[in-house]
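Protein chains in written order, with my numbering: chain A, 3 to 330; chain B, 376 to 666. Below is one structure; the comments refer to it alone.
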Amino acid sequence: MGGQLGGNRLELINWSFLLRRLAMLLASLLVASFVIFAAMYLAPGNPIAALSGGRSLPPSSIKVLEERYHLNEPFLVQYWYWLKNALHGNLGISITLRENVSTLIASRIWTTAGLVLYASVIILVVGIGLGVLSGLRHGALDTSTLVVTAVSAAIPAFVAAIVLILLFAVKLGWFPALGNGTSFLSNLQHLTLPAFALAVSSLAIVARVTRASVREESNREHVQTAVSRGIPTRQVIWRHILRNAAIPVTTISGITIASLIAVAAVVEVAFSLNGLGAFLVGSAQSKDLAVVQGISLVLVTAFVVVNVLVDILYAVLDPRVSLGSRAA
Amino acid sequence: MSTTAAAVSADATPRRGAFSLLKATGPVGIGAAVVIALATLVAIFGPLLAPYDPTLSDLSLSWVAPTGGHLLGFDGQGRDLLSRLLVGARTSILGPLAVVILCMLAGTVLAVTAAWRRGAVDAAISSGLDIMFAFPGILLAVLAASVFGAGLLAAAVALAIAYTPYVARVLRGAALKERSQQYVAALEVQGVSARAICMQHLVPNMLPLIVAQSTILFGYAMVDLAAISFLGLGVQPPNPDWGVMISENQAGIVQGYPLSALLPGLCIVLVVVAFNVLGERLFEQAQKARQ
C-alpha cells in the first residue's frame, strides 16, 4: 500500500518542473560565481603584490606569475580560467597561509557541516514537536509556547551564544565554552551549545508556523467530519491534520535550515570554532581574497542546492505545485 | 464625469490613518509600538542623554560594578556602560532603518513594474529575483566588507540587496491582484498615465502590506547588522554599537562579568521582539483588509 502510494507520487512529479528547477539552479550558480569573481576582481590591491606577499620581484618572476595566473588576459577570460579551475577543485592559494584554498576548506568543512546538521535536527525535532503539541492543545501549554517562541524568535545567534556559555559552561560547567573537540564524542559535546545557539530563533519560527498550520487544519470541515464519523483521534491527527499541515512546515523548515549555512559563521566566531564561516570572516578581515572567493562559492552552492531540494520536496508533498506550473 | 466617479468609488479599499491602524493591533501591538517609539527617541537623543563620553576609557575601572553616578557600571575597557548603550542605539537602529528603506524602495519598484508590464518584463524580473535568492544576507555583507572594507554603509547596502527579492516576491503578488481590479481598467480607459495610476492608486492601496513588511524586515535587518558588527565587519570599535559591544565584552562572560555583554544583547532582543510582534499584527490587519 505504502509502496504503491510512493509510486503514484513519483509519477505525479512533473518532470518539466524538475528540469526547470535544475536549470534555475545552474543559472543561479553561474551568476553567483560571476558575482563572487567580479567582486574580488574589483577589490583594491595588486594581485602580483598579493601573490608575492608584498616582496618586490624581478620582472622575470612577475612575467611568470602573470602568465601562470592569466593576469594580462581580459576579464571574462580570467573568469573562465577561474571557474574551470574551481570546477576541478582548484581554488587558488591563500596568501596568508600559503596553502591550497581547497585543502584549507576541506579541513574545516566538517565542523560547519556538523554544526548545521546538529542544529537542523534540533530545529526539526523540538520545533515541529512543540508546534504540533501546542497546535493540538488549547490552554496553558499553548499560551506559554506562543510567548516563549515570540521572544526566542528575536534572539540573534550571538546573543544566544553568550547566554548559553554563561549558563551551561560558566555556571553549570556541563559543556565546554570554546573550541573544537578531538574525538567524535568530544566534538559532539563541543558542538552542543553552538548548535543550540544556532537553532534558537529558527526553532521558534518553525514551532510557530507548525502550530498555526496544525490549528488551521484542525478547524477544516473534513477533520470535523472525520471526528463526527467516529474515526479514532490518533488516526484523525495523523491522517487528516498532520499530513496536510506538513506542507507549509516543510517549506519553512527548509528555508530556515538553508539560512543556517550563512549564520553558522556568527556562531563559529562566538564559540571560537574552527569552521568555514569563522575562516571566511577572518579572511575577509585580512583581505585573503582567494579564500573569501573559495568559501563564498562553497557556501552559496550549499545554500542554493538546499533551497532546490526543499522546492522539489515541496512539489512531491503537494502535487498541486507542479501541476499548477504545468497549467500556467 | 460618471466614469470618474465610478472609478473612484471602485477604488473603495478604505484607507485608514496610522493611528486607527495601530489601534486595531490591540494592546500587545500598542505596547510594541511604545517600545519602538522609545527606542527611536533614544536613537535620536541618545548622545544628548548619555551622562559620560562613551569612548573615554580608564582601564583601572574595567568591569567595575554599577555605582552611584554610573548606573550600569563599566565595560571591559573601563567605559561607562549606560553611555555606550545610549549612544550605541543610534547605529543599531538607524542602520536597519536604512536597510529597510532601501530594500522596500527597490522591492516596490520591481514588484509594481513586473505586475504592470506583465509578460516578458515580469518573467525577466521574476527570474532575476530567483537568482538573487542565491545570496544569503550575511554572506553578501562579508563579500562587501572584503571588497570595500569593513563598515556600516557597505553592510547596509549588501543586506538591502539580499532582502530585495523577498520584498519584491510578496509585493508582486499583491500588485498583480490590485492591477486586475476594475478601477485600474477604468482609469486606463480615461487615459490616466501608468505612472500616475501606480503612484496614486496601486501603491497607496498596497500600503498596509508595505508597512507590515517593513516592520517585520526591520527586525531581521537589526539582527543581521548587529551580527555583522559582532563579526568585526560593520561598525568599527571604539564606536559604540550594540553588536560591537557584545563582541568586545564577550571575554567578561567567562571572567564573571557578564553584564556588559548581556545588556546590549537584551536591548537588541527587546527592540526586535517589539518589531516582530507589531509587524505580525499589522500583517494580519493587512490580510483582513484584503479579503
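Glycine included, C-beta positions come from ideal geometry on N, C-alpha and C. What you are looking at is a predicted structure, and each value in this text was computed from that prediction instead of being measured.
Exercise for review: For B:A636, go through chain A and note every residue whose CB falls closer than 8 Å to its CB, in chain order.
Suggested key: In the second sequence, residue 636 of chain B corresponds to position 261, counting from 1. What B:A636 touches in chain A: I164.
Check your understanding: If the cut is a Cβ gap below 7 Å, which residues of chain A does B:F510 touch?
Key -> Start at 1 with the first residue of the second sequence, and residue 510 of chain B comes out as number 135. Within 7 Å Cβ-Cβ: A34 and V302.
Review point. Does any residue of chain A bring its CB to less than 8 Å from the CB of B:V648?
Key: Here the question's residue 648 of chain B lines up with position 273 in the second sequence. Yes, its Cβ sits closer than 8 Å to a Cβ of chain A.
Review point. CA-CA distance, A:P1 and B:V522?
Key: Chain A is shown from 3 up to 330; residue 1 of chain A falls before or after that span and cannot be answered.
Exercise for review: Output the distance between the C-alpha atoms of B:V619 and B:Y427, rounded to the nearest integer angstrom.
Suggested key: One-based indexing of the second sequence puts residue 619 of chain B at position 244. One-based indexing of the second sequence puts residue 427 of chain B at position 52. B:V619 and B:Y427 have their C-alpha atoms roughly 19 Å apart.
Review point. Can you pull the DSSP bridge partners for B:D455?
Key: Indexing the second sequence from 1 puts residue 455 of chain B at position 80. Partner(s): B:F449.
Check your understanding: Do you know offhand how far A:E223's Cα is from B:R459's?
Key -> Here the question's residue 223 of chain A lines up with position 221 in the first sequence. Here the question's residue 459 of chain B lines up with position 84 in the second sequence. C-alpha separation (whole angstroms): 56 Å.
Check your understanding: Under a three-way DSSP split, which group does A:I97 fall into?
Key -> Residue mapping note: residue 97 of chain A aligns to position 95 of the first sequence, counting from 1. It is coil, neither helix nor strand.
Check your understanding: Are B:A418 and B:R465 close, meaning C-beta to C-beta below 8 Å?
Key -> Working through the second sequence from its first residue, we reach residue 418 of chain B at position 43. Working through the second sequence from its first residue, we reach residue 465 of chain B at position 90. Judged by beta-carbon spacing, B:R465 lies within the 8 Å limit of B:A418, meaning their Cβ atoms are closer than that value.
Point to revise | Other residues of its chain near B:L447: CB distance less than 6 Å, five sequence neighbours each side excluded | key: Your numbering for residue 447 of chain B matches position 72 in the second sequence. P441, L456 and L457.
Check your understanding: Measuring CB to CB, does B:V484 end up less than 8 Å from B:P422?
Key -> The sequence position of residue 484 of chain B within the second sequence is 109, counting from 1. The sequence position of residue 422 of chain B within the second sequence is 47, counting from 1. At least 8 Å separates the beta-carbon of B:V484 from that of B:P422.
**Study point:** Beta-carbon proximity check, A:V118 vs B:I513, cutoff 8 Å
**Key:** Start at 1 with the first residue of the first sequence, and residue 118 of chain A comes out as number 116. Start at 1 with the first residue of the second sequence, and residue 513 of chain B comes out as number 138. No.
Check your understanding: Can you name, in chain order, every residue of its own chain whose Cβ lies under 6 Å from the Cβ of B:A385, other than the five neighbours on each side?
Key -> Numbered from its first residue, the second sequence carries residue 385 of chain B at position 10. No answer about B:A385 holds up, because its pLDDT of 46 lies below 50 and its placement is not dependable.
Exercise for review: Could you spell out where the alpha helix (DSSP H) holding A:N331 opens and where it closes?
Suggested key: In the structure as shown, chain A begins at 3 and stops at 330. Residue 331 of chain A is therefore absent and cannot be evaluated.
Exercise for review: Taking only the alpha-carbon atoms, compute the straight-line gap between A:A25 and B:F508 and give it to the nearest angstrom.
Suggested key: Along the first sequence, one-based indexing puts residue 25 of chain A at 23. Along the second sequence, one-based indexing puts residue 508 of chain B at 133. Distance between the alpha carbons of A:A25 and B:F508 is about 15 Å.
**Study point:** Partner residues on chain B for A:N309, Cβ-Cβ distance less than 9 Å
**Key:** For the purposes of this step, residue 309 of chain A is identified with residue 307 of the first sequence, where counting begins at 1. Neighbours of A:N309 on chain B, chain order: F508 and A509.
**Study point:** Three-way DSSP call (helix, strand, coil) for B:V400 in this model
**Key:** Reading the second sequence from its first residue, position 25 is the one you call residue 400 of chain B. The question names Val, but residue 400 of chain B is Thr in the sequence shown. B:T400 falls in the coil class under three-state DSSP.
Review point. Once you ignore the five residues that flank A:E101 on each side, which residues in its own chain have a CB closer than 8 Å to its CB?
Key: Residue mapping note: residue 101 of chain A aligns to position 99 of the first sequence, counting from 1. Same-chain partners within the cutoff: I95.
Check your understanding: Going by beta carbon distance, what residues of the same chain come within less than 8 Å of A:Y316, once the five residues before and after it are set aside?
Key -> In the first sequence, the residue the question calls residue 316 of chain A occupies position 314. The beta carbon of A:Y316 sits closer than 8 Å to those of I249, T252, T253, G256 and V323, all from its chain and outside the five residues before and after it, given in chain order.
Exercise for review: Give, in chain order, every residue of the region 588–607 of chain B whose Cβ lies closer than 8 Å to some Cβ of chain A.
Suggested key: Against chain A - using a Cβ distance shorter than 8 Å - the residues of the region 588–607 of chain B are G594, V598, A601, A602, F605, L606 and G607.
Review point. Interface residues of chain B around A:L143 at Cβ under 8 Å?
Key: As a position in the first sequence, residue 143 of chain A is number 141, starting the count at 1. Within 8 Å Cβ-Cβ: nothing; A:L143 doesn't reach chain B, min ~20 Å.
Review point. By the criterion of Cβ-Cβ separation under 7 Å, what are the contact partners of B:P633 in chain A?
Key: Within the second sequence, numbered from 1, the residue matching residue 633 of chain B stands at position 258. Per Cβ cutoff of 7 Å: L168.
Check your understanding: Should B:I500 be flagged as near chain A, meaning a C-beta pair shorter than 8 Å?
Key -> Taking the first residue of the second sequence as position 1, residue 500 of chain B is located at position 125. Interface with chain A (8 Å Cβ-Cβ cutoff): B:I500 is excluded.
Exercise for review: Please confirm if B:S521 has its CB atom under 8 Å from at least one CB of chain A.
Suggested key: For this step, residue 521 of chain B is matched to residue 146 along the second sequence. Residue contact check for B:S521 against chain A: a CB pair falls below 8 Å.
Check your understanding: Given a limit of 8 Å on CB to CB distance, which residues of the region 463–483 of chain B reach chain A?
Key -> Correct list: empty, as no residue qualifies.
Check your understanding: If you draw a straight line from the C-alpha of A:A280 to the C-alpha of A:S188, how long is it?
Key -> Within the first sequence, residue 280 of chain A is the residue found at index 278, counting from 1. Within the first sequence, residue 188 of chain A is the residue found at index 186, counting from 1. For A:A280 and A:S188, the distance between alpha carbons rounds to 20 Å.
Review point. When the distance is taken between beta carbons, is B:L469 closer than 8 Å to B:A525?
Key: In the second sequence, counting from the first residue as 1, residue 525 of chain B sits at position 150. In the second sequence, counting from the first residue as 1, residue 469 of chain B sits at position 94. Not a contact, by the Cβ cut-off of 8 Å.
Review point. Checking contacts by CB at 8 Å: is B:L657 closer than that to chain A?
Key: In the second sequence, the residue the question calls residue 657 of chain B occupies position 282. No, because no Cβ of chain A sits closer than 8 Å to the Cβ of B:L657.
**Study point:** Cα-Cα separation, A:W112 to A:L106
**Key:** For the purposes of this step, residue 112 of chain A is identified with residue 110 of the first sequence, where counting begins at 1. For the purposes of this step, residue 106 of chain A is identified with residue 104 of the first sequence, where counting begins at 1. Distance between the alpha carbons of A:W112 and A:L106: 12 Å.
Check your understanding: Within the 8 Å Cβ cut-off, does A:K86 reach chain B?
Key -> As a first step, residue 86 of chain A must be located in the first sequence, where it is residue number 84. No, A:K86 does not count as interfacial toward chain B.
Check your understanding: Among A:P196, A:P158, A:W176 and A:F39, which residue has its Cα nearest to the Cα of A:V293?
Key -> Locating residue 293 of chain A in the first sequence gives position 291, counting from the first residue. The residue with the shortest Cα to Cα distance from A:V293 is A:F39.
Check your understanding: Comparing the C-beta of B:N651 with each C-beta of chain C, is any distance below 8 Å?
Key -> You won't find chain C in this structure, because its protein chains are A and B.
Review point. Is the shortest distance between the beta-carbon of B:S384 and the beta-carbons of chain A less than 8 Å?
Key: Stepping through the second sequence from its first residue, residue 384 of chain B is reached at position 9. Reliability fails at B:S384, whose pLDDT of 45 lies under 50, so the model's placement of it is uncertain and the value that follows must be treated cautiously. With its beta carbon at least 8 Å from every one in chain A, B:S384 lies outside the interface.
Check your understanding: How many angstroms separate the CA atom of B:A661 from the CA atom of B:R547?
Key -> In the second sequence, counting from the first residue as 1, residue 661 of chain B sits at position 286. In the second sequence, counting from the first residue as 1, residue 547 of chain B sits at position 172. So the two alpha carbons sit approximately 15 Å from each other.
Exercise for review: Provide the residue span of the alpha helix (DSSP H) that contains A:L143, from first to last.
Suggested key: Walking along the first sequence from the start, residue 143 of chain A turns up at place 141. Unbroken alpha helix (DSSP H) run through A:L143: A142 to S154.
Point to revise | Contact set between A:A152 and chain B, taken where Cβ atoms lie within less than 8 Å | key: Walking along the first sequence from the start, residue 152 of chain A turns up at place 150. Going along chain B in sequence order, the residues near A:A152 (Cβ under 8 Å) are V648, N651 and V652.
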